Amino acid sequence: MLRPTLPLRSTKSSTAWLARQHRDPHVKNRLSHPLSFRSRSAFKLLELDQKYDFLNPRHKDTGEIRDIRVVDLGAAPGGWSQVVAWRLGWLGEVEEKEVEHKREEDGEEAILDEEDGEIQFKPHVKSKTKAMRRGKPKHLSSPSSGPDAIDEFLFPELSQPSYPSDSSSFVSRKGHGTIISVDLLPMPPIPGVISLQMDFLSPQAESRISSLLPPEPFPSLPSDEMVMLKRESERRQKGKGPGKVDVILSDMAANFTGNRTRDVESSLDICEAVIGFARRHLRRGEARTRGGSLVLKHFAHPLTDQFRVEVLAPNFKHVRYVKPDSSRSDSTEGYWLCFGWNPISPEGSS
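Going by full-length UniProt numbering, the first residue of the sequence shown is number 1, and it counts up by one from there.
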């Protein structure tokens with residue numbers, strides 16, 4: 001496992017790295033935040049969701065609370081999963097009403113239509129954002145070291161030597177929806193999160209994730225539509241139909257080699273692996289609902305731009321590029337926010 005103290009043994013670069021960490025407000029606020037985030041990257045997901053509201057279980061028109069299904073790929077140490085658990089109500093000790101979400105980007109507000117998946121970008125009207133109270137919620141685990149620990153400020157060691165590879169027994173029904181986190185590294189438990197320690201591309205992960213996703217409730221519909229939905233649900237349960245996941249998250253990045261070409265290729269490999277996972281699990285758009293959403297990290301390069309044009313754009317109704325303010329200014333990282341999964345072929349291939 002990567003130790004965050006290793007790069008500190010060099011002299012000049014280590015001093016610059018420490019100085020940058022000391023100046024970084026997100027590093028300083030990581031543990032002082034009410035959720036005691038395990039990684040600095042949690043602020044990026046918070047910012048993305050504040051702008052686009054894709055993790056909100058409450059229907060924007062009816063106010064109805066819905067159970068949504070979220071899969072966090074490459075989740076360790078668990079910062080993004082913490083954010084999802086809070087948004088879906090599993091961390092009830094944090095008062096959600098103390099945070100007023102603003103949804104803005106470049107002077108625009110993203111409005112998602114729940115019925116047909118339309119997204120309108122309207123002129124933004126600034127709203128005040130209340131600060132969350134400093135009271136620390138209960139049941140929060142210690143920070144963990146993991147793939148992104150190198151970008152954190154001296155993670156504490158894990159309080160336990162190991163964690164179960166499948167924490168589904170840890171989940172108790174208090175929040176809304178299903179959260180599945182997958183990583184090769186162990187993660188301390190998070191309330192409401194099912195943590196799987198396995199390769200998300202393995203056959204074992206495929207079957208385990210499918211078995212953990214609950215059957216979809218059937219609304220009151222005409223009998224012919226009800227029959228169609230039931231048949232589709234049966235196909236999904238057998239792995240022969242469209243997926244059941246509402247949101248797939250990927251903040252994964254390969255270890256940098258310093259070779260620009262190789263690093264870009266590694267980024268593309270991850271993007272292709274995630275889109276392959278989405279083809280099997282992401283919910284498709286139907287007459288009454290929009291398709292699922294994907295948040296995908298990448299690094300800016302003409303080849304990744306080509307991936308967006310050739311793979312993402314044909315299969316999603318809307319694809320937006322966002323670089324959160326919480327991303328470092330000298331980083332080429334960015335996120336594609338993809339809404340309305342509607343693959344152009346039955347297999348979802350581009």
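C-beta atoms are modelled at their ideal positions from N, C-alpha and C, and glycine is treated no differently.
Only a predicted model underlies this, so the values are computations on that prediction, with no experimental measurement involved.
For the pair GLY78 and ARG40, the CB atoms are not nearer than the 7 Å cut-off. Sequence-distant Cβ neighbours of ALA273 in its own chain, meaning closer than 7 Å and more than five residues away, are LEU201. Put simply, of GLY175, ILE190 and GLU265 the residue whose alpha carbon is nearest the alpha carbon of SER181 is ILE190. Between the alpha carbons of ARG208 and PRO188 lies a distance of about 19 Å.
Runs of alpha helix (DSSP H) with 4 or more residues, each lying fully within the region 180-223, are found at 203-212, listed in chain order. Using a Cβ-Cβ distance cut-off of 8 Å, the region 329-338 and the region 296-310 are in contact, since at least three pairs of beta carbons, one from each stretch, lie closer than that value. In the displayed model, GLY340 falls within a strand according to three-state DSSP. In the structure shown, HIS281 falls within a helical segment according to DSSP collapsed to helix, strand and coil. For ASP72, the enclosing beta strand (DSSP E) has its first and last residue at 69-73.
Counting only residues of its own chain and dropping the five nearest sequence neighbours on each side, PHE256 has a CB closer than 7 Å to the CB of ASP263. The alpha-carbon of VAL83 is positioned some 27 Å away from that of ALA313.
In this structure, the CA atom of LYS51 is about 27 Å from the CA atom of LEU213. Only exposed fits LYS174, as fewer than 16 other CB atoms lie within 10 angstroms of its CB. In this structure ASP251 does not touch ILE68 by the C-beta definition: roughly 19 Å separates them, more than the 8 Å allowed. 7 Å or more divides the Cβ of SER331 from the Cβ of GLU47. Nearest neighbour of LEU55 by Cα position, chosen from PHE43, GLY63, LEU73 and TRP86, turns out to be TRP86.
Around the beta carbon of GLN306, fewer than 16 other beta carbons lie within 10 angstroms, which makes this residue exposed. Rounded to whole angstroms, the gap between the alpha carbons of ILE344 and GLY192 is 34 Å. Here the C-alpha atom of LEU73 lies approximately 31 Å from the C-alpha atom of THR62.
In the DSSP annotation of this structure, the continuous segment of the beta strand (DSSP E) that includes VAL322 starts and ends at 316-322.
According to the DSSP assignment, PHE43 belongs to the alpha helix (DSSP H) that extends over 42-52. The C-beta distance from ARG280 to GLY292 rounds to 12 Å, too long to fall under 8 Å, and the pair is not in contact. Annotation: the continuous beta strand (DSSP E) that includes SER250 extends over 247-250.
In the structure shown, PHE256 falls within a coil segment according to DSSP collapsed to helix, strand and coil.
If you draw a straight line from the Cα of HIS318 to the Cα of VAL309, it comes to about 12 Å. Around the C-beta of LYS44, 16 or more other C-beta atoms lie within 10 Å, and the residue is accordingly described as buried.
In this chain, LEU312 is not harboured by any alpha helix (DSSP H), its DSSP state being neither H nor E.
In the structure shown, ARG87 falls within a helical segment according to DSSP collapsed to helix, strand and coil. Contact between ALA254 and SER266 holds: CB atoms are separated by about 4 Å, below the 8 Å threshold. ILE65 and ILE194 have their C-alpha atoms spaced approximately 21 Å apart. The beta-carbon distance between ASP183 and ALA75, rounded to whole angstroms, is 5 Å. This is short enough to meet the 8 Å contact definition.
Within the same chain, Cβ atoms closer than 7 Å to the Cβ of HIS301 are found at VAL264, the five residues on either side in sequence being excluded. Looking at the backbone, the Cα of LYS323 and that of SER329 are separated by about 9 Å.
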